[in-house]
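Take a look at the structure set out below.
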Amino acid sequence: MTKKTILALAATMLMLTSCHTEEKVLYFQDLQAGQTINTGDYTPVKYAPGDKLTIVVTSSKTPEMAMQFNLPIITTQAGTGRSYTNNQIAYYTIDENGCIDIPSLGRVAITGLTRSEAAAKIQTILREKLLRDAVVTITSSDQYITVLGEVARPGKVNFTKDGMTLLEALGECGDLTIQAKRSEIKVIRQEGSESKVYLVDIRSKDLLSSPVYRLQQNDIIYVQPNRVRMGQSTYNENSIRSISTWISVSSLLMSLGILIFK
């Protein structure tokens, strides 16, 4: 075996190793330039029991009457019995029956409604009973998904808009780490009384047409570690692998050296 043959084999080995690494790491490997994929229409977030929201009611004719629906945050100074009201608006919380209790209107069911649908419903009730020119604006709060595992910053991600995608949520968490298993990202979704687990491969364009590409509130994303990362879970296992790797590399270099300089 000549020196040129040995060097060619070594170069081929390096190229194969590089290609294998790219297959494990790169996103959307089968997505071509100009290709179009149907990602489906997004479904606006719908309210569920436990969700928190602020309701702001305005009226040009009777603004004083409208203020009673904008719950103020009241703080009490300990030891004095004095209460103070600031300019912040308190949250309405949807109870277990899917309702909120609005002053002068009573209980209003909004579970299953989107933000715009809930605002329209409350506005209609107000205009029929109390304020003919009422304008209702609803802002959601405490709606989030949870991202765990091999991302830069795991934790809760707030829903900042309807139709948030899996890619946007991962971006909010600083993206996947290099130790992430990109072929099996788990998305756990509550569907009725059951939790359903979806597996998605971020290396494939099939992610874009997945039912969990667009997220829903309370979804849980778990990014699994790859084999290298799991091997680092114990000191002994990691040490053994490191030693065996260096022995293999040393043996290969020695063999190449013997063949080249023989």
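Mapped onto our numbering, the consecutive letters of the sequence shown carry residue numbers 4 to 265.
Think of the CB as a built atom: it goes at the ideal place given N, C-alpha and C, for glycine as much as any other residue.
Small disclaimer: the values here were computed from a predicted structure and weren't measured.
Annotation for Pro228: the continuous beta strand (DSSP E) segment containing it runs 223-228. Secondary structure at Gly174: helix, using DSSP grouped into helix, strand and coil. Taking a 10 Å sphere around the C-beta of Gln71, we find fewer than 16 other C-beta atoms and assign the residue as exposed.
The continuous beta strand (DSSP E) containing Ile148 extends over residues 147-152. Taking a C-beta distance under 9 Å as the contact criterion, Thr46 and Gly166 qualify as a contact pair.
Of all alpha-carbon atoms in Leu133, Asn73, Val48, Thr61, the one lying nearest the alpha-carbon of Thr168 is that of Val48. Looking at the backbone, the Cα of Val226 and that of Ser144 are separated by about 26 Å.
Within the stretch 35-75, the complete beta strand (DSSP E) segments of 3 residues or longer fall at 55-61, listed in chain order. The beta carbons of Thr149 and Lys159 sit about 6 Å from each other, so the pair counts as a contact at 8 Å. For Gln126, the enclosing alpha helix (DSSP H) starts and ends at 118-132.
DSSP places Leu218 outside any beta strand (DSSP E), giving it a letter other than H or E. In the assembly as shown, Asp222 is a buried residue. Its beta-carbon has 16 or more other beta-carbons within 10 Å.
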